[in-house]
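Read the structure below first, then the notes.
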Amino acid sequence: MASSTEQSLLELTDKETREKVSHWDRRADPMAPLTDKQTESVLEIRAAAEVALLPAELPIEDICSLTSRSLRSAFTATLPESTEEVLLQGFQTLELENHRIQTAQQFFSWFSKLQVQMDQDEASKYRCVTRDALQGYQEQCDAILSDVNAALERLQSLQKQYLFVSTKTGTLHEACEQLLKEQSELVDLAESIQEKLSYFNALENINSKLNSPTLSVNSEGFIPMLSKLDECVEYVLSHPHFKDYPVYLTKFKQCLSKAMLLIKSHTVSTLQNLTAQLSKRVPPNQKKKYLHINKLRLCMCSFHLKLESTTAF
C-alpha cells in the first residue's frame with residue numbers, strides 16, 4: 001500500500017504536485033490550516049532557505065552569471081577551480097562518478113534518473129511537512145480527547161456525588177417528617193395528659209381556698225369554685241380505673257363537705273338574723289302565732305341541705 005502511494009506521487013508532475021500541495025494552506029477553505037506557531041515556524045524556515053549557500057554542483061559559468069543582486073547572502077563557499085571539478089562533485093553526489101555518458105540514450109537515461117531523484121526529494125519534503133502537520137494535529141486531538149475523557153470522568157463523579165447527596169437529603173427529609181409527626185403526637189398526648197391532670201391539680205387550689213379564713217359564701221369566686229369542684233368529682237367518678245382513684249375521691253368529698261358546711265353555716269346565720277329582725281317587728285301578743293312558722297322554716301332548710309348533700313354524693 002505504501003509503495004503504491006509513493007509510486008503514484010512520483011508519477012505526478014511537478015506542477016500537479018505543487019497545485020495539490022497548495023490546497024493544504026490556501027487562504028480560502030484550506031485543507032490543513034496552520035496555527036500561528038506553525039506559521040511562524042514556516043516563515044523561519046523560509047528565511048533560513050533564502051540565505052542558503054549555493055550548491056557545489058552548480059557550474060562555474062552559472063556562478064559567474066549570477067548578479068550581485070540575486071545573491072542575498074554572503075557566498076562563503078570555496079569556488080571550484082574548473083568546470084570538471086563541479087561536474088565531478090555533482091556525479092559523486094549522484095553516485096554516477098563511474099558512469100560515462102557517450103550516447104544520447106545514456107544521457108536521457110541519466111536525466112530520467114536525475115528527474116526521478118529530484119521528484120523523490122521534492123515529494124519526500126512535502127511528505128515530511130504533511131506528516132509532521134498531521135502528527136501535530138493527531139497529538140492535539142489526542143490531548144483534546146484526553147481532556148474530554150477527564151471531564152467525563154469528573155462529571156460522572158459529580159453525578160454519583162449528586163445522587164448520594166440527593167438520597168441522603170431524601171432520607172433526612174423523611175426522618176424530619178417522621179420526627180415532626182411524632183412531635184405532634186407527643187404534643188397532643190401532653191395536652192391530653194395536662195387536661196386530665198388539671199382536675200387533680202385543682203384539688204390543692206380548692207382546698208387552700210376552703211381553708212382560707214377570708215372565704216365567704218358571698219365571695220365572687222365561691223360559685224366558680226363549687227362548679228370546678230363538681231366537675232372534678234364527676235371526672236374522678238367516671239374514671240374508677242385510675243391508680244389514685246380512692247385517694248382523690250376521698251379528698252374531693254372532704255372539700256365538698258367543707259363547702260356544704262360553709263353554705264349551711266351561712267344559711268343558718270342568715271335565717272337567725274332574719275328571725276331576730278322579724279321578732280322585733282311582731283307585736284308581743286302575736287309571737288306565739290308565728291313561732292311554729294319559724295320552726296317549719298328551719299326544718300325545711302335542714303331537709304334541703306341534707307337532700308343536696310345526699311344527691312352530690
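Using UniProt numbering, the letters of the sequence shown correspond one by one to residues 1 to 313.
Ideal Cβ placement from N, Cα and C applies to all residues, glycine included.
Whole-angstrom distance between residue j and residue i, CA atom to CA atom
i, j, result
"G221", "I206", "11 Å"
"A190", "L203", "20 Å"
"Q194", "D244", "16 Å"
"D142", "V148", "10 Å"
"L155", "Y162", "10 Å"
"V116", "T103", "20 Å"
"F107", "L114", "10 Å"
"Q140", "C176", "53 Å"
"S219", "M225", "10 Å"
"Q120", "I144", "35 Å"
"V42", "D36", "10 Å"
"A276", "M260", "24 Å"
"N201", "V187", "19 Å"
"S238", "S192", "16 Å"
"K168", "S146", "33 Å"
"E85", "K125", "28 Å"
"K251", "E182", "37 Å"
"L174", "K160", "Note on residue identity: the sequence assigns Glu, not Leu, to residue 174. Near 21 Å, if we compare the C-alpha coordinates of K160 and E174."
"L34", "A150", "27 Å"
"S166", "Q178", "18 Å"
"E44", "F164", "56 Å"
"S265", "S212", "15 Å"
"M118", "S157", "58 Å"
"D132", "A28", "22 Å"
"P240", "P246", "8 Å"
Residue j beta carbon less than 7 Å from that of residue i
i, j, result
"Y248", "V236", "yes"
"L229", "C255", "yes"
"K258", "L210", "yes"
"V217", "L180", "no"
Close-in-space but distant-in-sequence residues of the same chain around residue i (CB under 6 Å, 5 per side omitted)
i, result
"T270", "none"
"A74", "Confidence is the limiting factor: at A74 the pLDDT is only 42, short of 50, which leaves the residue's position unreliable, though a coordinate-based value still follows. Around A74: no qualifying Cβ."
Same chain, Cβ closer than 8 Å to residue i, five either side skipped, listed in chain order
i, result
"Y199", "E231, C232, Y235 and V236"
"G136", "Q38"
"S68", "Low confidence applies to S68: its pLDDT is 43, below 50, so where it sits in the model is not reliable, and the reading given next is rough at best. Result list for S68: empty, nothing under 8 Å."
Beta-carbon proximity list for residue i, same chain, < 7 Å, skipping 5 on both sides
i, result
"C128", "none"
"L152", "none"
Going residue by residue through the stretch 189-258, where are the continuous alpha helix (DSSP H) segments of at least 4 residues, counting only ones entirely within it?
When DSSP assignments are scanned along the stretch 189-258, the uninterrupted stretches of alpha helix (DSSP H) that are 4 or more residues long and fall wholly within it turn out to be 222-237.
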